[in-house]
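Notes for the one structure printed next.
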Amino acid sequence: MASLAPTKVDISKEIACNSAALPDFTTVEYKDAYSRINAIVIEGEKEAYDNYISIGTLIPDNADELKKLAVMEMKHMRGFTACGKNLGVTADMPFAKEFFSKLHGNFQKALSEGNLTTCLLIQAILIEAFAISAYNVYIRVADPFARKITEGVVKDEYLHLNYGQTWLKENLDTCKDELIKANKENLPLIKSMLDEVAKDAETLHMDKEELMEEFMIAYQDSLMEMGLDNRQIARMALAAVV
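Add 1395 to a position in the sequence shown, counting from 1, and you land on the number used in our numbering.
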(Lines of atoms letter the chains of each structure in order from A and count residues from 1; the text may use other names and numbers.)
(Lines give C-alpha, C1' and ligand atoms only; values in the text may rest on other atoms or scores of the structure.)
Protein backbone atom coordinates (compact mmCIF):
# COMPACT_ATOMS: atom_id res chain seq x y z
CA MET A 1 0.00 0.00 0.00
CA ALA A 2 1.37 3.41 -0.92
CA SER A 3 2.12 5.70 1.98
CA LEU A 4 2.09 9.45 2.36
CA ALA A 5 5.37 11.10 3.31
CA PRO A 6 5.63 11.78 7.04
CA THR A 7 5.58 15.38 8.17
CA LYS A 8 8.99 16.49 9.39
CA VAL A 9 8.97 18.30 12.70
CA ASP A 10 12.03 20.35 13.65
CA ILE A 11 11.84 20.73 17.41
CA SER A 12 15.46 21.67 18.18
CA LYS A 13 14.78 25.41 18.26
CA GLU A 14 11.62 24.94 20.32
CA ILE A 15 13.53 22.86 22.90
CA ALA A 16 16.18 25.57 23.22
CA CYS A 17 13.56 28.29 23.62
CA ASN A 18 11.65 26.37 26.26
CA SER A 19 14.59 24.98 28.26
CA ALA A 20 14.15 27.63 30.93
CA ALA A 21 10.53 26.53 31.41
CA LEU A 22 11.26 22.87 32.12
CA PRO A 23 9.53 21.42 35.19
CA ASP A 24 11.37 20.04 38.21
CA PHE A 25 11.38 16.31 37.45
CA THR A 26 12.24 15.41 41.06
CA THR A 27 9.20 16.79 42.90
CA VAL A 28 6.48 14.64 44.42
CA GLU A 29 3.86 16.54 42.43
CA TYR A 30 5.63 15.92 39.13
CA LYS A 31 6.14 12.22 39.80
CA ASP A 32 2.52 11.79 40.90
CA ALA A 33 1.24 13.37 37.67
CA TYR A 34 3.81 11.48 35.62
CA SER A 35 2.61 8.16 37.07
CA ARG A 36 -0.70 8.68 35.24
CA ILE A 37 0.62 10.28 32.05
CA ASN A 38 3.30 7.59 31.71
CA ALA A 39 0.70 4.88 32.28
CA ILE A 40 -1.49 6.38 29.54
CA VAL A 41 1.27 6.22 26.93
CA ILE A 42 2.28 2.69 27.99
CA GLU A 43 -1.31 1.46 27.83
CA GLY A 44 -1.92 3.37 24.60
CA GLU A 45 1.00 1.65 22.90
CA LYS A 46 -0.07 -1.75 24.22
CA GLU A 47 -3.61 -1.28 22.94
CA ALA A 48 -2.23 -0.07 19.62
CA TYR A 49 -0.31 -3.34 19.29
CA ASP A 50 -3.47 -5.34 19.96
CA ASN A 51 -5.54 -3.13 17.64
CA TYR A 52 -3.23 -3.42 14.65
CA ILE A 53 -3.09 -7.19 15.04
CA SER A 54 -6.90 -7.20 15.18
CA ILE A 55 -7.21 -4.97 12.10
CA GLY A 56 -5.05 -7.50 10.28
CA THR A 57 -7.83 -10.08 10.72
CA LEU A 58 -10.14 -7.76 8.76
CA ILE A 59 -7.54 -7.17 6.00
CA PRO A 60 -5.76 -10.53 5.66
CA ASP A 61 -3.80 -9.34 2.62
CA ASN A 62 -2.26 -6.58 4.75
CA ALA A 63 -1.75 -8.66 7.90
CA ASP A 64 2.04 -8.76 7.56
CA GLU A 65 2.29 -4.98 7.14
CA LEU A 66 -0.02 -4.44 10.10
CA LYS A 67 2.05 -6.85 12.19
CA LYS A 68 5.11 -4.67 11.51
CA LEU A 69 3.21 -1.60 12.69
CA ALA A 70 2.11 -3.51 15.78
CA VAL A 71 5.67 -4.54 16.62
CA MET A 72 6.69 -0.87 16.51
CA GLU A 73 4.04 -0.12 19.13
CA MET A 74 5.38 -2.82 21.45
CA LYS A 75 8.85 -1.28 21.10
CA HIS A 76 7.35 2.10 22.03
CA MET A 77 5.71 0.56 25.09
CA ARG A 78 9.04 -0.73 26.32
CA GLY A 79 10.63 2.66 25.71
CA PHE A 80 8.00 4.54 27.71
CA THR A 81 8.22 1.96 30.49
CA ALA A 82 11.93 2.76 30.69
CA CYS A 83 11.08 6.49 30.92
CA GLY A 84 9.07 5.88 34.08
CA LYS A 85 11.78 3.72 35.61
CA ASN A 86 14.36 6.39 34.83
CA LEU A 87 12.43 8.84 37.02
CA GLY A 88 11.69 6.25 39.70
CA VAL A 89 7.96 6.38 38.91
CA THR A 90 5.52 3.47 38.97
CA ALA A 91 2.96 3.82 36.20
CA ASP A 92 -0.68 3.83 37.35
CA MET A 93 -1.89 1.16 34.94
CA PRO A 94 -5.41 0.72 36.43
CA PHE A 95 -6.00 4.43 35.78
CA ALA A 96 -4.76 4.08 32.19
CA LYS A 97 -6.98 1.08 31.44
CA GLU A 98 -10.02 3.02 32.62
CA PHE A 99 -8.83 6.07 30.68
CA PHE A 100 -8.96 4.12 27.40
CA SER A 101 -12.02 2.05 28.28
CA LYS A 102 -14.57 3.88 26.11
CA LEU A 103 -12.39 3.99 22.99
CA HIS A 104 -11.39 0.39 23.66
CA GLY A 105 -15.02 -0.64 23.90
CA ASN A 106 -15.93 1.16 20.70
CA PHE A 107 -13.03 -0.44 18.86
CA GLN A 108 -13.95 -3.93 20.08
CA LYS A 109 -17.58 -3.42 19.08
CA ALA A 110 -16.57 -2.28 15.60
CA LEU A 111 -14.16 -5.20 15.31
CA SER A 112 -16.83 -7.73 16.25
CA GLU A 113 -19.12 -6.23 13.60
CA GLY A 114 -16.41 -6.18 10.93
CA ASN A 115 -16.51 -2.38 10.65
CA LEU A 116 -13.00 -1.82 9.31
CA THR A 117 -13.48 1.90 8.67
CA THR A 118 -14.40 2.53 12.31
CA CYS A 119 -11.46 0.45 13.56
CA LEU A 120 -9.05 2.39 11.35
CA LEU A 121 -10.51 5.75 12.34
CA ILE A 122 -10.20 4.98 16.05
CA GLN A 123 -6.69 3.53 16.01
CA ALA A 124 -4.90 4.75 12.92
CA ILE A 125 -6.34 8.26 12.80
CA LEU A 126 -7.79 9.50 16.10
CA ILE A 127 -5.38 7.80 18.48
CA GLU A 128 -2.33 8.32 16.27
CA ALA A 129 -3.12 12.00 15.66
CA PHE A 130 -3.64 12.49 19.38
CA ALA A 131 -0.40 10.67 20.21
CA ILE A 132 1.65 12.62 17.67
CA SER A 133 0.35 15.99 18.85
CA ALA A 134 0.80 15.10 22.53
CA TYR A 135 4.29 13.71 22.01
CA ASN A 136 5.38 16.80 20.07
CA VAL A 137 4.16 19.04 22.89
CA TYR A 138 5.73 16.79 25.54
CA ILE A 139 9.15 16.68 23.84
CA ARG A 140 9.65 20.37 24.58
CA VAL A 141 9.27 19.85 28.33
CA ALA A 142 10.50 16.28 28.80
CA ASP A 143 13.51 15.13 30.79
CA PRO A 144 16.51 14.35 28.52
CA PHE A 145 16.04 10.56 28.65
CA ALA A 146 12.33 10.71 27.82
CA ARG A 147 12.90 13.34 25.14
CA LYS A 148 15.21 11.02 23.21
CA ILE A 149 12.77 8.11 23.50
CA THR A 150 9.79 10.23 22.46
CA GLU A 151 11.54 11.74 19.45
CA GLY A 152 12.10 8.23 18.09
CA VAL A 153 8.51 7.22 18.79
CA VAL A 154 7.04 10.19 16.91
CA LYS A 155 8.86 9.23 13.72
CA ASP A 156 7.23 5.80 13.81
CA GLU A 157 3.78 7.13 14.62
CA TYR A 158 3.63 9.07 11.36
CA LEU A 159 3.92 5.71 9.54
CA HIS A 160 0.86 4.46 11.43
CA LEU A 161 -1.12 7.61 10.71
CA ASN A 162 -0.14 7.36 7.05
CA TYR A 163 -1.37 3.77 6.85
CA GLY A 164 -4.84 4.76 8.02
CA GLN A 165 -4.94 7.85 5.81
CA THR A 166 -3.92 5.87 2.74
CA TRP A 167 -6.44 3.06 3.19
CA LEU A 168 -9.31 5.45 3.89
CA LYS A 169 -8.34 7.65 0.94
CA GLU A 170 -8.29 4.67 -1.41
CA ASN A 171 -11.70 3.49 -0.15
CA LEU A 172 -13.36 6.85 0.56
CA ASP A 173 -16.14 6.39 -1.98
CA THR A 174 -17.44 3.32 -0.14
CA CYS A 175 -16.54 4.16 3.46
CA LYS A 176 -17.41 7.87 3.79
CA ASP A 177 -20.77 7.35 5.51
CA GLU A 178 -19.29 5.00 8.09
CA LEU A 179 -16.34 7.37 8.56
CA ILE A 180 -18.64 10.28 9.37
CA LYS A 181 -20.70 8.15 11.76
CA ALA A 182 -17.61 6.81 13.52
CA ASN A 183 -16.19 10.32 13.82
CA LYS A 184 -19.37 11.58 15.49
CA GLU A 185 -19.23 8.77 18.04
CA ASN A 186 -15.51 8.83 18.82
CA LEU A 187 -14.06 12.31 18.28
CA PRO A 188 -15.82 13.73 21.39
CA LEU A 189 -14.08 11.05 23.48
CA ILE A 190 -10.69 12.57 22.66
CA LYS A 191 -11.70 15.91 24.16
CA SER A 192 -13.17 14.29 27.28
CA MET A 193 -10.00 12.21 27.72
CA LEU A 194 -7.87 15.33 27.44
CA ASP A 195 -10.06 17.14 29.97
CA GLU A 196 -9.59 14.22 32.36
CA VAL A 197 -5.80 14.61 32.44
CA ALA A 198 -5.55 18.37 31.96
CA LYS A 199 -4.32 18.96 35.51
CA ASP A 200 -1.64 16.28 35.25
CA ALA A 201 -0.58 17.61 31.85
CA GLU A 202 -0.29 21.10 33.32
CA THR A 203 2.01 19.75 36.04
CA LEU A 204 4.23 18.44 33.24
CA HIS A 205 4.09 21.95 31.68
CA MET A 206 1.81 20.80 28.85
CA ASP A 207 -1.01 23.24 28.13
CA LYS A 208 -4.43 21.68 27.53
CA GLU A 209 -5.47 24.24 24.94
CA GLU A 210 -2.26 23.73 23.00
CA LEU A 211 -2.70 19.95 23.12
CA MET A 212 -6.23 20.20 21.75
CA GLU A 213 -5.21 22.70 19.10
CA GLU A 214 -2.31 20.53 17.93
CA PHE A 215 -4.57 17.48 17.84
CA MET A 216 -7.27 19.20 15.81
CA ILE A 217 -4.71 20.46 13.31
CA ALA A 218 -3.24 16.98 12.89
CA TYR A 219 -6.70 15.40 12.69
CA GLN A 220 -8.07 17.83 10.13
CA ASP A 221 -4.89 17.47 8.06
CA SER A 222 -5.52 13.72 8.02
CA LEU A 223 -9.09 14.21 6.84
CA MET A 224 -7.84 16.48 4.08
CA GLU A 225 -5.28 13.86 3.01
CA MET A 226 -8.12 11.35 2.73
CA GLY A 227 -9.83 13.56 0.17
CA LEU A 228 -12.61 15.16 2.22
CA ASP A 229 -13.48 18.73 1.27
CA ASN A 230 -13.34 21.73 3.60
CA ARG A 231 -17.07 21.69 4.35
CA GLN A 232 -17.03 17.98 5.26
CA ILE A 233 -13.95 18.47 7.45
CA ALA A 234 -15.53 21.41 9.25
CA ARG A 235 -18.69 19.41 9.96
CA MET A 236 -16.67 16.49 11.28
CA ALA A 237 -14.51 18.74 13.45
CA LEU A 238 -17.63 20.18 15.08
CA ALA A 239 -18.18 16.81 16.75
CA ALA A 240 -15.32 17.69 19.09
CA VAL A 241 -17.25 20.58 20.60
CA VAL A 242 -20.93 19.74 20.09
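Quick reminder that beta carbons are idealized off the backbone N, C-alpha and C, glycines included.
Fair warning: this is a prediction, and the values are worked out from it, not measured in the lab.
Exercise. Using the C-alpha atoms, what's the distance from Met1607 back to Glu1546?
Worked result: 20 Å
For this session: Reducing DSSP to helix, strand and coil, say where Glu1601 ends up.
Result: According to the sequence provided, residue 1601 is Met. The question's Glu does not apply to it. Looking at Met1601 - three-state DSSP - the assignment turns out to be coil, as it is neither helix nor strand.
Exercise. Taking the alpha-carbon positions, what's the Arg1626 to Ala1416 distance?
Worked result: 39 Å
Exercise. Does the stretch 1579 to 1586 come close enough to the stretch 1561 to 1571 to have 3 or more Cβ pairs within less than 8 Å?
Worked result: no
Problem set entry | Local conformation of Val1536 per DSSP, three classes | coil
Exercise. Using the C-alpha atoms, what's the distance from Glu1620 back to Lys1564?
Worked result: 7 Å
For this session: May I have the straight-line CA-CA distance separating Phe1525 from Gly1622, to the nearest angstrom?
Result: 20 Å
Exercise. So what's Asn1531 in DSSP terms, helix, strand or just coil?
Worked result: helix
Exercise. Given 8 Å as the limit, is there contact between the stretch 1547 to 1554 and the stretch 1594 to 1611, that is, 3 or more CB pairs closer than that?
Worked result: no
Problem set entry | Whole-angstrom distance between Ala1505 and Ile1575, CA atom to CA atom | 14 Å
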